[in-house]
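Going down the list, the protein sequences come from chains C and L. Numbering (our numbering) for the first sequence: 1 to 169. Numbering (our numbering) for the second sequence: 1001 to 1429. Ideal placement from N, C-alpha and C gives every residue a C-beta, glycine not left out. Keep in mind the model is a prediction, meaning the values are calculated, not measured.
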Amino acid sequence: MNKSLLRFMTKILDMVDKTIHWLSIFAMSFMLFLTFANVIGRYVFSHSIIFSEEVSRILFVWVVFLGAAIIIKDNGHVSVDLLSSKLKGKASGKVLDIIIGIAGFLFIGIVFIGGIVLANTMNMYSSATLGIPMGYVYWAIPIGSSIMFIHHSLNFIKIFVPDEEGDKA
Amino acid sequence: MEYPAFFALFFMLIALGVPIAYSLGLSSAYLIIFKLQLPIVLVAQHMYGAVDSFSFLAIPFFMLAGAFMSYGGVTKRLINFAFSLVGPFKGGLAQVVAVSGMFFGAISGSSAATTAAIGAIMIDEMEDKGYDREFTAGVVAAGGMVGIIIPPSITLVVYGVTVGVSIGDLFLGGFGPGILMGLSMCLVSYVICGKKGWGGEGTFSLKNVFRSFLDSFWALLTPVIIIGGIYGGIFTPTEAAAVASVYGLFIGFFVYKELKLKDLPNLIAKAVYSTTVIMFIIAAAKIFGWILTNAEIPQQIAAYVTSIAPNKYVFLLLMNALLLVLGTMINPSAATIIIAPIMLPVALKFGIDPVFFGVLMIVNLAIGNITPPVGLDLFVVSAVTKISINRIARAMVPYLMILLVDLLIVTFFPQIIMFLPNLLGIGTG
């Protein structure tokens, strides 16, 4: 693949990642605020925030599925790397990386397809307290998994193309 | 029968180094598509179902509480308090590590966080005072390990939510073994350092103890708020975690005044990503667990194990062995989410209390976590000290031995775990 194209894609992706990064920080802060405010509301003002739990759960789903895409960048999904650390740098290690990479494509693909079907089905329902179409909530899965797919592809390409440091030199 | 192939595929993927979440999802998908011939949307549906949980939100909140406090100047004060208690005795600083590990464990939900927080201060400190580097690294890894056992504990939250056991009871159950392990590590430090001639620092005085206690009072109040709040029926575990985080922000900004506003985004982002790693495994494990339950695998395993294990002690010892090995390779929350639903039915058949079983499980996984060759906590210490895992491991042998003795004691004397839950337990969620 053309290296400058790769670099251009990486740049766009960086912008997407940064957006997700800050959105996650705000979402997490908001969940914390809501949950805490709900406790205070219940005891101090004897009024619960009815939508607090539902909003937190919806945000949590989005944060997890978008976050799952971001952590792929640093190979953040936990694995047992006994074998791969032993084969690192060898030709067989490369083969192993390719196998692991393909497994990743398969899994992400399954989640993506399932997610699309699910989001379309759930669109006819609305959430319990807020009445939001549930499709909006479920879209976290296809959107999260498509960004996962992009990051996973970039990692996969790096098995064959040397690192960025390598081609600057 | 299709299930052997399913398990074979799962273990093969794990062994190859495919991420645990992917391995769980892929082996499940294989069964769903090719054998059960059900729609693939099931995978996404179960993943969503697992994440759509207010209870699991306790995980990031507890992470945030620990992070806010360690950046807010709490660690230093807890260490000072520990120092006033055990610093003056033989192997003083090594004992300080174990004691402050217990204190910090009571505000942090994981052992990696505890190890990192204590290590950041104590490693240099111990080297300055002439402790050798390998020993120091080993002590820190061992001392931080109780962080996951002493409540709050993220792994106990994962266990409680997964199998439906009261998180409040589990938290209370963690105190006994956590304290036992912390104190026995002090004892080992006392003996080893006595032999090597590493003495204590300063002199013991009640005045010092009192002063440093007052200084760390606000931090030490955290576990009281969490446990008291859950037990008093004031809030749910998730809310307790949120209150602890806000409390952490409060003392970081207004009491100790060491927390900076510009640190917050990074601390929050870190909690988000660490949570994502765990939650994604939990999500994928949900579909895996559904398949197991559907095929009545836990019941089959229960029937098989009860036929080969003559009594509950043999079963518990077998469990210990299995979990220790798993713990060396997989992160404790991931191991819990996979093993607990399979093994708890077996434990129940033997009349074992689910609270006892859960805490014992976490004790095992925590020990596994500091056992080479993989032991994840060792990587944390290795990264900080730049000492290879093998050399740290050698220094840790005496600590691992005493921890295994502790494990046996806890296995055969369930009261150590069950004393507090029995005393106070009312089974609140």
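Return no unless some Cβ of chain L is closer than 8 Å to the Cβ of Arg57(C).
One-based indexing of the first sequence puts residue 57(C) at position 57. Yes, its Cβ sits closer than 8 Å to a Cβ of chain L.
In whole angstroms, what is the alpha-carbon distance linking Ser1205(L) and Gly1092(L)?
Looking up residue 1205(L) in the second sequence gives position 205. Looking up residue 1092(L) in the second sequence gives position 92. Those two C-alpha atoms are separated by around 14 Å.
When you compare the CB of Leu118(C) with every CB in chain L, is at least one pair closer than 8 Å?
Numbered from 1 along the first sequence, position 118 holds the residue referred to as residue 118(C). Yes, its Cβ sits closer than 8 Å to a Cβ of chain L.
Alpha-carbon spacing of Leu59(C) relative to Arg1394(L), whole angstroms:
To locate residue 59(C), count along the first sequence from 1; it is residue 59. To locate residue 1394(L), count along the second sequence from 1; it is residue 394. Rounded to whole angstroms, Leu59(C) to Arg1394(L) spans 45 Å at the Cα level.
Does Tyr1159(L) come within less than 8 Å of chain C when only Cβ atoms are used?
Translated into positions along the second sequence, residue 1159(L) becomes position 159. It does not: the Cβ of Tyr1159(L) has no partner Cβ on chain C nearer than 8 Å.
Provide the residue(s) that pair with Pro133(C) in DSSP beta bridges, ordered along the chain.
The count along the first sequence starts at 1 and reaches residue 133(C) at position 133. Note: Pro133(C) sits in a beta bridge opposite Ser126(C).
Residue-level contact to chain L via CB, Ala103(C), 8 Å cutoff:
Working through the first sequence from its first residue, we reach residue 103(C) at position 103. Ala103(C) counts as touching chain L.
Assign Thr1203(L) to buried or exposed, taking buried as 16 or more other Cβ atoms, counted over all protein chains shown, within 10 Å of its Cβ.
Mapped onto the second sequence, residue 1203(L) falls at position 203. Result: exposed.
Whose C-alpha, out of Met1396(L), Met1361(L) and Gly1130(L), is nearest the C-alpha of Val1410(L)?
Position 410 of the second sequence, counting from 1, holds the residue named residue 1410(L). Selection Met1396(L), Met1361(L) and Gly1130(L) evaluated against Val1410(L) yields Met1361(L) as nearest (Cα-Cα).
Can you tell me whether DSSP reads Gly1289(L) as helix, strand or coil?
Within the second sequence, the letter at position 289 stands for residue 1289(L). Three-state DSSP puts Gly1289(L) in a helix.
Met15(C) versus chain L: which residues are under 8 Å apart at the beta carbon?
Indexing the first sequence from 1 puts residue 15(C) at position 15. Simply none; closest approach about 17 Å.
Alpha-carbon spacing of Val1355(L) relative to Ile1149(L), whole angstroms:
Looking up residue 1355(L) in the second sequence gives position 355. Looking up residue 1149(L) in the second sequence gives position 149. Cα-Cα distance, rounded: 13 Å.
How far does the alpha helix (DSSP H) with Phe1083(L) in it reach, from first residue to last?
Position 83 of the second sequence, counted from the first residue, corresponds to residue 1083(L). Under the DSSP assignment, Phe1083(L) falls in the alpha helix (DSSP H) whose first and last residues are Val1074 to Val1086.
Among Gly1049(L), Ala1082(L), Phe1254(L) and Pro1177(L), which residue has its Cα nearest to the Cα of Ser1357(L)?
Counting from one through the second sequence, the residue named residue 1357(L) turns up at place 357. Note that residue 1357(L) corresponds to Phe in the displayed sequence, not to Ser. Ranking the options by Cα distance to Phe1357(L), first place goes to Pro1177(L).
According to DSSP, is Val1381(L) helix, strand or coil?
Taking the first residue of the second sequence as position 1, residue 1381(L) is located at position 381. If DSSP states are grouped into helix, strand and coil, Val1381(L) belongs with the helices.
Around the C-beta of His47(C), are 16 or more other C-beta atoms found within 10 angstroms, so that it is buried, or is it exposed?
For the purposes of this step, residue 47(C) is identified with residue 47 of the first sequence, where counting begins at 1. Answer is exposed; the Cβ neighbour count stays below 16.
Contacts that Leu154(C) makes with chain L (C-beta to C-beta distance below 7 Å)
Along the first sequence, read from residue 1 onward, the residue named residue 154(C) stands at position 154. Simply none; closest approach about 16 Å.
Is Met1047(L) closer than 8 Å to Val117(C) when the C-beta atoms are compared?
Within the first sequence, residue 117(C) is the residue found at index 117, counting from 1. Within the second sequence, residue 1047(L) is the residue found at index 47, counting from 1. No, the pair does not count as a contact, with Cβ atoms beyond the cut-off.
Please report the straight-line C-alpha distance between Ala1120(L) and Val1384(L), rounded to a whole angstrom.
What you label residue 1120(L) is simply residue 120 of the second sequence in a count that begins at 1. What you label residue 1384(L) is simply residue 384 of the second sequence in a count that begins at 1. Computed Cα separation, rounded: 8 Å.
Using 8 Å as the limit for Cβ to Cβ distance, is Ala68(C) near chain L?
What you label residue 68(C) is simply residue 68 of the first sequence in a count that begins at 1. Yes, contact with chain L.
Any idea what DSSP makes of Glu1201(L), helix, strand or coil?
Translated into the one-based positions of the second sequence, residue 1201(L) becomes position 201. Looking at Glu1201(L) - three-state DSSP - the assignment turns out to be coil, as it is neither helix nor strand.
Rounded to the nearest angstrom, what separates Val1209(L) and Ser1153(L) at their Cα positions?
Residue numbering aside, residue 1209(L) sits at position 209 when the second sequence is read from its first letter. Residue numbering aside, residue 1153(L) sits at position 153 when the second sequence is read from its first letter. Each residue's alpha carbon lies about 27 Å from the other.
Label Lys1262(L) either buried or exposed according to how many other C-beta atoms from any shown protein chain fall within 10 Å of its C-beta, with 16 as the threshold for buried.
If you number the second sequence from 1, residue 1262(L) lands on position 262. Exposed, by the Cβ-count rule.
What are the residues in the segment 25-36 of chain C lying within 7 Å of chain L by C-beta distance?
Those would be Ile25, Met28, Ser29, Met31, Leu32, Thr35 and Phe36, in chain order.
Between the beta-carbon of Gly1072(L) and the beta-carbon of Leu1259(L), is there less than 8 Å?
Against the second sequence, residue 1072(L) aligns to sequence position 72. Against the second sequence, residue 1259(L) aligns to sequence position 259. Cβ atoms of Gly1072(L) and Leu1259(L): closer than 8 Å.
From Thr1371(L) to Met1122(L), what distance separates their C-alpha atoms?
Position 371 of the second sequence, counted from the start, is the residue given in the question as residue 1371(L). Position 122 of the second sequence, counted from the start, is the residue given in the question as residue 1122(L). Straight-line Cα distance between these residues: approximately 21 Å.
Compare the C-beta of Leu1423(L) against all C-beta atoms of chain C and say whether one is closer than 8 Å.
Working through the second sequence from its first residue, we reach residue 1423(L) at position 423. Not closer than 8 Å to any Cβ of chain C, the Cβ of Leu1423(L) fails to qualify, so no.
Give a yes or no on contact between the segment 150-161 of chain C and the segment 71-78 of chain C, applying the rule of three or more CB pairs nearer than 8 Å.
Contact check between the segment 150-161 of chain C and the segment 71-78 of chain C: three or more CB pairs, one atom from each, fall below 8 Å, which counts as touching.
Applying a beta-carbon distance threshold of less than 7 Å, which residues of chain L neighbour Phe107(C)?
On the first sequence, position 107 is the one that residue 107(C) refers to. The answer, in chain order, is Tyr1022, Gly1025 and Leu1026.
Asn38(C): buried (16+ other C-beta within 10 angstroms of its C-beta) or exposed?
Translated into the one-based positions of the first sequence, residue 38(C) becomes position 38. Buried, since its Cβ has 16 or more Cβ neighbours within 10 Å.
Are the beta-carbon atoms of Gly1109(L) and Phe1062(L) separated by less than 8 Å?
Start at 1 with the first residue of the second sequence, and residue 1109(L) comes out as number 109. Start at 1 with the first residue of the second sequence, and residue 1062(L) comes out as number 62. Yes, these two residues count as a Cβ contact at 8 Å.
Alpha carbon to alpha carbon, how far is Asp1377(L) from Ala128(C)?
Residue mapping note: residue 1377(L) aligns to position 377 of the second sequence, counting from 1. Residue mapping note: residue 128(C) aligns to position 128 of the first sequence, counting from 1. Going from the Cα of Asp1377(L) to the Cα of Ala128(C) covers about 42 Å.
Considering Cα atoms alone, identify which of Phe1135(L), Ile1032(L), Gln1045(L) and Lys1076(L) is closest to Arg1391(L).
Counting from one through the second sequence, the residue named residue 1391(L) turns up at place 391. For the residues Phe1135(L), Ile1032(L), Gln1045(L) and Lys1076(L), the minimum Cα distance to Arg1391(L) belongs to Phe1135(L).
Does any CB atom of chain L fall closer than 8 Å to the CB of Ser48(C)?
Residue numbering aside, residue 48(C) sits at position 48 when the first sequence is read from its first letter. No, Ser48(C) lies away from the interface with chain L (no Cβ there is under 8 Å from its Cβ).
Rounded straight-line distance, which links the Cα of Asn1294(L) to that of Leu1220(L):
Sequence index remark: in the second sequence, residue 1220(L) carries index 220 (1-based). Sequence index remark: in the second sequence, residue 1294(L) carries index 294 (1-based). Taking the straight line joining both Cα atoms gives about 45 Å.
Can you pull out the residues from the segment 1230-1264 of chain L whose beta carbon lies closer than 7 Å to at least one beta carbon of chain C?
Cβ proximity to chain C below 7 Å picks out Phe1235, Thr1238, Glu1239, Ala1242, Val1243, Ser1245 and Val1246 from the segment 1230-1264 of chain L.
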